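Okay, so the sequence shown: first residue is 6 according to my numbering, each after it adds one.
Note that the Cβ used here is the ideal one computed from N, Cα and C, for glycine as well.
No experiment lies behind these values; they were computed from the predicted model shown.
What follows is a set of notes on a single structure, which appears directly below.
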Amino acid sequence: LLLISHEKLCRIEVMAYVPLRTACFSSQPKEVPHPMQNVQRIVLVDFGAQYTQLIARRVREAKVFCEVVSYLTPLSEILEKKPVGIILSGGPASVLDADAPHIDPAIYEQGIPVLGICYGMQLTAYTLGGTVERAAQREYGRVPVDFDVNSPLFAGMKAQSVAWMSHTFHVTHAPEGFTSIAHSENCAFCAMANPEKRIYAVQFHPEVTHSEEGQKVIANFLYNVCGCTGDWTMSTFIDNAIASIREQVGPNGRVMLGLSGGVDSSVAAALISRAIGERLTCVYVDHGFMRKNETESVREVFTKQFPVNLVIVDARDRFLTKLAGVSDPETKRKLIGGEFVYCFADEAKKLEGVEFLAQGTIYPDVIESGSVKGSAVIKSHHNVGGLPADVRAKFTGGLVEPLRMLFKDEVRKVGEELSMPHDMVWRQPFPGPGLAIRIMGDITADKLETVRESDAILREEVALAGLERDVNQYFTVLTNTRTVGVMGDERTHDFVLAIRAVTTDDFMTVDWARLPYDLLAKVSARIVNEVPRVNRVVYDITTKPPATVEWE
Ligand code: XMP
Numbered sequence: 006l007l008l009i010s011h012e013k014l015c016r017i018e019v020m021a022y023v024p025l026r027t028a029c030f031s032s033q034p035k036e037v038p039h040p041m042q043n044v045q046r047i048v049l050v051d052f053g054a055q056y057t058q059l060i061a062r063r064v065r066e067a068k069v070f071c072e073v074v075s076y077l078t079p080l081s082e083i084l085e086k087k088p089v090g091i092i093l094s095g096g097p098a099s100v101l102d103a104d105a106p107h108i109d110p111a112i113y114e115q116g117i118p119v120l121g122i123c124y125g126m127q128l129t130a131y132t133l134g135g136t137v138e139r140a141a142q143r144e145y146g147r148v149p150v151d152f153d154v155n156s157p158l159f160a161g162m163k164a165q166s167v168a169w170m171s172h173t174f175h176v177t178h179a180p181e182g183f184t185s186i187a188h189s190e191n192c193a194f195c196a197m198a199n200p201e202k203r204i205y206a207v208q209f210h211p212e213v214t215h216s217e218e219g220q221k222v223i224a225n226f227l228y229n230v231c232g233c234t235g236d237w238t239m240s241t242f243i244d245n246a247i248a249s250i251r252e253q254v255g256p257n258g259r260v261m262l263g264l265s266g267g268v269d270s271s272v273a274a275a276l277i278s279r280a281i282g283e284r285l286t287c288v289y290v291d292h293g294f295m296r297k298n299e300t301e302s303v304r305e306v307f308t309k310q311f312p313v314n315l316v317i318v319d320a321r322d323r324f325l326t327k328l329a330g331v332s333d334p335e336t337k338r339k340l341i342g343g344e345f346v347y348c349f350a351d352e353a354k355k356l357e358g359v360e361f362l363a364q365g366t367i368y369p370d371v372i373e374s375g376s377v378k379g380s381a382v383i384k385s386h387h388n389v390g391g392l393p394a395d396v397r398a399k400f401t402g403g404l405v406e407p408l409r410m411l412f413k414d415e416v417r418k419v420g421e422e423l424s425m426p427h428d429m430v431w432r433q434p435f436p437g438p439g440l441a442i443r444i445m446g447d448i449t450a451d452k453l454e455t456v457r458e459s460d461a462i463l464r465e466e467v468a469l470a471g472l473e474r475d476v477n478q479y480f481t482v483l484t485n486t487r488t489v490g491v492m493g494d495e496r497t498h499d500f501v502l503a504i505r506a507v508t509t510d511d512f513m514t515v516d517w518a519r520l521p522y523d524l525l526a527k528v529s530a531r532i533v534n535e536v537p538r539v540n541r542v543v544y545d546i547t548t549k550p551p552a553t554v555e556w557e
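As structure tokens, this is what we get:
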């Protein structure tokens with residue numbers, strides 16, 4: 006059983022959540038085989054930098070597996086991972102602070118290449134006997150840097166290029182055995198190296214795109230210094246993941262997974278299906294707020310392409326009845342979340358002999374949950390069940406989380422590699438409560454039809470215009486407002502429908518998408534002609550903040 010993260014279903018606390026990992030499995034299940042045990046790995050030690058995930062992604066883009074660990078991780082544990090190289094991340098602290106995070110100095114004596122970035126550079130200098138001081142002036146932004154292109158770290162680069170700086174402290178004397186290999190006008194040590202010990206450090210941020218040749222620096226460290234072979238590919242991942250699922254589950258084990266139709270749970274289901282076939286049961290609760298054809302597509306994919314034991318719970322009437330007359334957005338979310346768990350638990354209870362629970366957890370969930378940051382706090386919306394205790398007790402085998410080490414773009418690559426349908430792999434974010442929060446006010450079957458059909462038209466036209474990848478999320482909203490119109494000789498009094506389309510990197514801040522007028526004209530014309538109960542279409546041109554992406 007794979008349970009979708011409850012965040013996706015409902016952002017608010019529906020019930021007293023307990024992290025599933027701890028609640029379900031108080032006695033730790035047997036050690037889960039690591040699907041990446043046969044690939045070379047870089048260990049990235051996190052000192053709390055905002056760019057840590059980005060560094061890990063850049064390493065993986067260079068086809069080398071990278072695992073993030075907290076700076077609190079003992080050296081022995083890092084060595085057990087057999088890294089071919091270690092990266093020390095940036096971080097907000099100053100090494101001169103009394104409570105600054107430090108590192109076991111023995112890390113530099115293992116014969117394993119080390120790359121310190123920003124704080125990681127200052128820490129390396131400080132730990133090995135160099136001097137770190139407050140700079141006369143903070144260096145921030147794009148800075149021209151002169152590189153020693155004879156160093157393996159900068160091989161093949163231009164002698165001068167722009168690098169992104171963000172630091173208040175800097176190295177003024179390098180430790181013994183180190184020399185400066187890059188400098189800027191204000192900073193004599195933009196990078197330093199001890200080539201004999203294969204220890205390198207850079208003050209700038211190679212991971213951000215503002216550093217012109219940043220990716221080259223990362224690749225040089227991986228290939229010229231660590232001797233990586235570039236064995237991190239999605240096909241290697243798939244082979245390893247399938248083997249490790251089989252090992253974890255055993256020859257007869259059964260797994261249950263909650264399928265939401267989203268990318269993560271669908272790709273997890275496909276992988277597990279490849280590993281154990283119909284010993285995987287997927288439970289898909291159709292609450293009736295899905296987009297057009299989504300349920301059919303799930304049925305098609307998971308009966309034909311990736312055959313699993315698929316249970317589709319048709320709860321459409323039940324949800325509609327439960328939500329009748331409810332117009333407060335948070336009450337809608339709460340009712341949908343609660344009802345969803347109820348339906349899901351009900352199915353779980355009926356299943357015999359299922360001892361594993363699968364989840365589509367991905368790496369950002371793991372990093373953000375605190376298990377990497379060394380904090381005991383696990384974000385309540387990740388890995389939460391909200392499942393009743395008797396249902397949780399069924400899963401004595403543990404959690405199966407095949408995507409636990411992947412970033413979202415890697416999950417999509419796995420989906421593509423498995424030849425999953427394009428629409429499923431590239432599905433835009435869709436809230437757990439679905440279309441229910443895109444109907445302002447109370448929900449009826451008619452209003453659902455209106456919003457579903459108009460959403461389908463918008464998606465079709467955006468795809469035809471070739472803009473699917475340029476706009477991060479786009480949908481229609483049925484406002485609760487009626488306006489006067491005229492159709493034929495008749496006066497109408499129908500709904501105003503809004504189009505929302507946004508561009509964003511992280512959904513924390515968004516801009517409204519500049520959709521071409523011709524496209525908007527076509528969508529508007531089609532909606533008023535083809536969709537009942539709409540006589541006016543408007544376009545939402547608000548950024549977030551102050552607005553949110555969704556209207557409710
Ligand atoms: P907002 O509206 O907060 O949306 O700007 C940011 C992103 O979150 C999605 N969203 C939700 N996802 N349950 C979810 O799983 C929800 O209740 C929910 N509300 C918003 C939204 O679609 C956007 O991608």
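Should residue i be listed as close to the ligand XMP, given that the test is whether its C-beta is under 7 Å from any heavy atom?
{"i": "residue 478", "result": "yes"}
{"i": "residue 79", "result": "no"}
{"i": "residue 436", "result": "yes"}
{"i": "residue 338", "result": "yes"}
{"i": "residue 399", "result": "no"}
{"i": "residue 366", "result": "no"}
{"i": "residue 442", "result": "yes"}
{"i": "residue 553", "result": "yes"}
{"i": "residue 549", "result": "yes"}
{"i": "residue 4", "result": "Residue 4 is absent from the model: the chain starts at 6 and stops at 557."}
Between the C-alpha atoms of residue i and residue j, what's the straight-line distance to the nearest angstrom?
{"i": "residue 326", "j": "residue 473", "result": "35 Å"}
{"i": "residue 484", "j": "residue 497", "result": "16 Å"}
{"i": "residue 406", "j": "residue 362", "result": "9 Å"}
{"i": "residue 123", "j": "residue 235", "result": "25 Å"}
{"i": "residue 312", "j": "residue 303", "result": "11 Å"}
{"i": "residue 12", "j": "residue 491", "result": "Annotation note: pLDDT 46 at residue 12 (below 50); position unreliable, no value reported."}
{"i": "residue 34", "j": "residue 403", "result": "Legend: pLDDT at residue 34 = 47, less than 50; position of this residue unreliable, no value from coordinates given."}
{"i": "residue 424", "j": "residue 247", "result": "16 Å"}
{"i": "residue 142", "j": "residue 173", "result": "7 Å"}
{"i": "residue 374", "j": "residue 449", "result": "38 Å"}
{"i": "residue 414", "j": "residue 476", "result": "16 Å"}
{"i": "residue 557", "j": "residue 443", "result": "7 Å"}
{"i": "residue 193", "j": "residue 187", "result": "7 Å"}
{"i": "residue 508", "j": "residue 516", "result": "5 Å"}
{"i": "residue 564", "j": "residue 150", "result": "This structure gives no information on residue 564, because the portion of the chain shown stretches from 6 to 557."}
{"i": "residue 152", "j": "residue 179", "result": "17 Å"}
{"i": "residue 76", "j": "residue 109", "result": "9 Å"}
{"i": "residue 451", "j": "residue 333", "result": "19 Å"}
Below 8 Å between beta carbons: does that hold for residue i and residue j?
{"i": "residue 94", "j": "residue 57", "result": "yes"}
{"i": "residue 218", "j": "residue 166", "result": "yes"}
{"i": "residue 277", "j": "residue 264", "result": "no"}
{"i": "residue 288", "j": "residue 318", "result": "yes"}
{"i": "residue 154", "j": "residue 140", "result": "no"}
{"i": "residue 463", "j": "residue 479", "result": "yes"}
{"i": "residue 137", "j": "residue 176", "result": "yes"}
{"i": "residue 42", "j": "residue 89", "result": "no"}
{"i": "residue 409", "j": "residue 268", "result": "no"}
{"i": "residue 488", "j": "residue 459", "result": "no"}
{"i": "residue 106", "j": "residue 96", "result": "yes"}
{"i": "residue 545", "j": "residue 505", "result": "yes"}
{"i": "residue 251", "j": "residue 280", "result": "yes"}
Would residue i be called buried (16 or more neighbouring beta carbons within 10 Å of its own) or exposed?
{"i": "residue 354", "result": "exposed"}
{"i": "residue 232", "result": "exposed"}
{"i": "residue 170", "result": "buried"}
{"i": "residue 221", "result": "buried"}
{"i": "residue 427", "result": "exposed"}
{"i": "residue 131", "result": "buried"}
{"i": "residue 212", "result": "buried"}
{"i": "residue 51", "result": "buried"}
{"i": "residue 513", "result": "exposed"}
{"i": "residue 366", "result": "buried"}
{"i": "residue 118", "result": "buried"}
Based on DSSP bridge pairs, tell me the residues matched to residue i.
{"i": "residue 199", "result": "204"}
{"i": "residue 543", "result": "503"}
{"i": "residue 314", "result": "286"}
{"i": "residue 549", "result": "515"}
{"i": "residue 112", "result": "Residue 112 is not bridged to any residue."}
{"i": "residue 47", "result": "71 and 90"}
{"i": "residue 169", "result": "147"}
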